[in-house]
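Chemist: Provided herewith is a single structure, encoded as structure tokens, for subsequent inquiry.
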Amino acid sequence: MRRISIRQMVGLGLLLFVMAAVIAACSGKAEDHSRAEGERAVSGGKPGTKIFKAENGEIEIPTNPQRIVAIQFAGDLLALGVKPVGVGSLVLKNSEQLKDELAGVADVGDVSVEKVLELAPDLIIVPSYLPAEVVEKLGKIAPTVAFPWGGFAGSDPLEEVRTFGRMLGKEKEAEAWIARYKEKAAQAKQKLAGVIGPGETAASYEIWAKNLWVWDKNQRAGYNLFAMLGLTPPDKVKKDVFEPGKSRDISQEVLPEYAADHMFVTVYQEDGGGERAKELMDNSLWKNLPAVKGNRVYLLNLKQFWFSDGLSLEKQLDILTETILSVNQK
Numbered sequence: 001m002r003r004i005s006i007r008q009m010v011g012l013g014l015l016l017f018v019m020a021a022v023i024a025a026c027s028g029k030a031e032d033h034s035r036a037e038g039e040r041a042v043s044g045g046k047p048g049t050k051i052f053k054a055e056n057g058e059i060e061i062p063t064n065p066q067r068i069v070a071i072q073f074a075g076d077l078l079a080l081g082v083k084p085v086g087v088g089s090l091v092l093k094n095s096e097q098l099k100d101e102l103a104g105v106a107d108v109g110d111v112s113v114e115k116v117l118e119l120a121p122d123l124i125i126v127p128s129y130l131p132a133e134v135v136e137k138l139g140k141i142a143p144t145v146a147f148p149w150g151g152f153a154g155s156d157p158l159e160e161v162r163t164f165g166r167m168l169g170k171e172k173e174a175e176a177w178i179a180r181y182k183e184k185a186a187q188a189k190q191k192l193a194g195v196i197g198p199g200e201t202a203a204s205y206e207i208w209a210k211n212l213w214v215w216d217k218n219q220r221a222g223y224n225l226f227a228m229l230g231l232t233p234p235d236k237v238k239k240d241v242f243e244p245g246k247s248r249d250i251s252q253e254v255l256p257e258y259a260a261d262h263m264f265v266t267v268y269q270e271d272g273g274g275e276r277a278k279e280l281m282d283n284s285l286w287k288n289l290p291a292v293k294g295n296r297v298y299l300l301n302l303k304q305f306w307f308s309d310g311l312s313l314e315k316q317l318d319i320l321t322e323t324i325l326s327v328n329q330k
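Under UniProt numbering, the sequence shown has 205 at position 205, and the numbering climbs by one with no breaks.
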């Protein structure tokens, strides 16, 4: 038998080592390629994107958008620490409590496709009530996702914040904000325990030029009053407004049937709403309501209570608490 020299054995060992290294490297590259392909499949077929199921279908969006235009939902984004580059004019005109956070944000009208285009967004967020043809035009500028707009669509505000957190990869921020908001509500309940008794009722109302609204459990002051502070609506409000989940336009004559012990009132000033409110409050029917007689009517600024999204709700909770305490200290 032919003997193998030490030099040959060393050479053979080196050859086997090199071959093993090459095989391992090729295997690693194949594995990395397979992993990358899997990530692309999950994220929507392109690096840096993902598929998000919205009201307008499955939309491919960036995983880390930097320039967001939000026609609505500014309060949800701000709750997550995200400042949009542009919002709808309705938001800027009626979000007085968010004016500091929205300073410098561009007004894109209601809705100007041209103004949105100028901002070069990488993600556009719209309410589902926006006409389909407008959504289609916006979709040609950047990925556009549609959401049900707040309580009007029956969605829970906290779940709305969570959904935005999932979409933007900010789940931790969403949960941190929700925990902070709930803690603030718990503290407010303690402060108000001696002001609003356990058997007393509350409800939210709004006066327009030709309408008198009793709001459902999510609108205006409703979500904070009922979901967060745990207050109770009058039986008539619970039966006719809460159970169907729809705000109700009532006549002035039946207002006593819907009146609560504590009435939270906003006024839509446009088209003569301010004059109608003054006329109603000068009426003997209004003056004889138990809440009016007991000085338990809380007039709220509509521009601070227009929206029920994220940071709007948190700031409204502060305003409500201060207002209730202030009125009852007089």
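All residues carry an ideal CB built from backbone N, CA and C; glycine is no exception. Predicted model only: the values in this text are computed from it and were never measured.
Quick one: which unbroken beta strand (DSSP E) runs of 3-plus residues sit fully inside the segment 52 to 124? Chain order, please.
Modeler: 57 to 62, 68 to 70
Chemist: Looking at the strands, I want to know which residues DSSP matches up with residue 191.
Modeler: Sequence index remark: in the sequence shown, residue 191 carries index 191 (1-based). For residue 191, which the question treats as bridged, DSSP gives no partner whatsoever.
Chemist: Grouping DSSP H, G and I as helix and E and B as strand, with all else coil, what is residue 298?
Modeler: Position 298 of the sequence shown holds residue 298. Residue state, collapsed to three classes: strand.
Chemist: Starting from residue 311, trace the alpha helix (DSSP H) in both directions and tell me its first and last residue.
Modeler: Counting from 1 along the sequence shown, the entry for residue 311 is found at position 311. Run containing residue 311: 311 to 328, per the alpha helix (DSSP H) assignment.
Chemist: Less than 8 Å between the beta carbons of residue 266 and residue 206, yes or no?
Modeler: Position 266 of the sequence shown, counted from the start, is the residue given in the question as residue 266. Position 206 of the sequence shown, counted from the start, is the residue given in the question as residue 206. Yes, they are a contact pair.
Chemist: Is it buried or exposed, residue 316, if we count other Cβ atoms within 10 angstroms and call 16 or more buried?
Modeler: Mapped onto the sequence shown, residue 316 falls at position 316. Buried, because 16 or more other Cβ atoms sit within 10 Å of the Cβ of residue 316.
Chemist: If residue 75 and residue 307 are in contact, beta carbons under 8 Å, what's the gap, nearest whole angstrom?
Modeler: In the sequence shown, the residue the question calls residue 75 occupies position 75. In the sequence shown, the residue the question calls residue 307 occupies position 307. Right, the Cβ-Cβ distance comes to about 6 Å (below 8 Å), so this counts as a contact.
Chemist: Helix, strand or coil, according to DSSP, for residue 183 in the structure here?
Modeler: Counting from 1 along the sequence shown, the entry for residue 183 is found at position 183. DSSP, read as helix, strand or coil, puts residue 183 in helix.
Chemist: For residue 60 and residue 49, which I take to be in contact (beta-carbon distance under 8 Å), what is that distance rounded to the nearest angstrom?
Modeler: Here residue 60 refers to the residue found at position 60 of the sequence shown. Here residue 49 refers to the residue found at position 49 of the sequence shown. Correct: roughly 5 Å between the Cβ atoms.
Chemist: In angstroms, rounded to a whole number, what distance separates the CA positions of residue 115 and residue 141?
Modeler: Stepping through the sequence shown from its first residue, residue 115 is reached at position 115. Stepping through the sequence shown from its first residue, residue 141 is reached at position 141. The straight-line gap from Cα to Cα measures roughly 11 Å.
Chemist: Using three-state DSSP, classify residue 156 as helix, strand or coil.
Modeler: In the sequence shown, the residue the question calls residue 156 occupies position 156. Correct three-state label for residue 156: coil.
Chemist: Using beta-carbon positions only, say whether residue 82 and residue 119 come within less than 8 Å of one another.
Modeler: Taking the first residue of the sequence shown as 1, we reach residue 82 at position 82. Taking the first residue of the sequence shown as 1, we reach residue 119 at position 119. In this structure, residue 119 does not lie closer than 8 Å to residue 82 by Cβ.
Chemist: Taking only the alpha-carbon atoms, compute the straight-line gap between residue 286 and residue 280 and give it to the nearest angstrom.
Modeler: Within the sequence shown, the letter at position 286 stands for residue 286. Within the sequence shown, the letter at position 280 stands for residue 280. The straight-line gap from Cα to Cα measures roughly 7 Å.
Chemist: If you follow the beta strand (DSSP E) that residue 209 is in, where does it begin and where does it stop?
Modeler: For this step, residue 209 is matched to residue 209 along the sequence shown. Residue 209 -> no beta strand (DSSP E), and no H or E assigned at all.
Chemist: In whole angstroms, give me the CA-to-CA distance for residue 297 and residue 186.
Modeler: Counting from one through the sequence shown, the residue named residue 297 turns up at place 297. Counting from one through the sequence shown, the residue named residue 186 turns up at place 186. Taking the straight line from one Cα to the other gives about 23 Å.
Chemist: Which of helix, strand or coil does DSSP assign to residue 220?
Modeler: Residue mapping note: residue 220 aligns to position 220 of the sequence shown, counting from 1. Coil at residue 220, not helix or strand.
Chemist: Quick check on residue 140: does DSSP put it in helix, strand or coil?
Modeler: Translated into positions along the sequence shown, residue 140 becomes position 140. Three-state DSSP puts residue 140 in coil, outside helix and strand.
Chemist: With DSSP as the reference, label residue 305 as helix, strand or coil.
Modeler: The sequence position of residue 305 within the sequence shown is 305, counting from 1. The answer is coil: DSSP assigns residue 305 none of H, G, I, E or B.
Chemist: Can you tell me where the beta strand (DSSP E) with residue 267 in it begins and where it stops?
Modeler: Taking the sequence shown and counting its residues from 1, the one referred to as residue 267 is at position 267. For residue 267, the uninterrupted beta strand (DSSP E) run begins and ends at 262 to 267, by DSSP.
Chemist: CA-CA distance, residue 123 and residue 283?
Modeler: As a first step, residue 123 is located in the sequence shown; it is residue number 123 there, counting from the start. As a first step, residue 283 is located in the sequence shown; it is residue number 283 there, counting from the start. Cα-Cα distance, rounded: 51 Å.
Chemist: So what's residue 204 in DSSP terms, helix, strand or just coil?
Modeler: Looking up residue 204 in the sequence shown gives position 204. Here residue 204 sits in strand by DSSP.
Chemist: For the segment 254 to 269 and the segment 194 to 209, state whether three or more C-beta atom pairs, one from each stretch, are separated by less than 8 Å.
Modeler: yes
Chemist: Could you tell me the distance, in whole angstroms, from the CA atom of residue 40 to the CA atom of residue 162?
Modeler: Here residue 40 corresponds to residue number 40 of the sequence shown, with the count starting at 1. Here residue 162 corresponds to residue number 162 of the sequence shown, with the count starting at 1. Note that residue 40 scores a pLDDT of 33, beneath 50, so its modelled location is shaky; the value from the coordinates is reported in the next line. Taking the straight line joining both Cα atoms gives about 24 Å.
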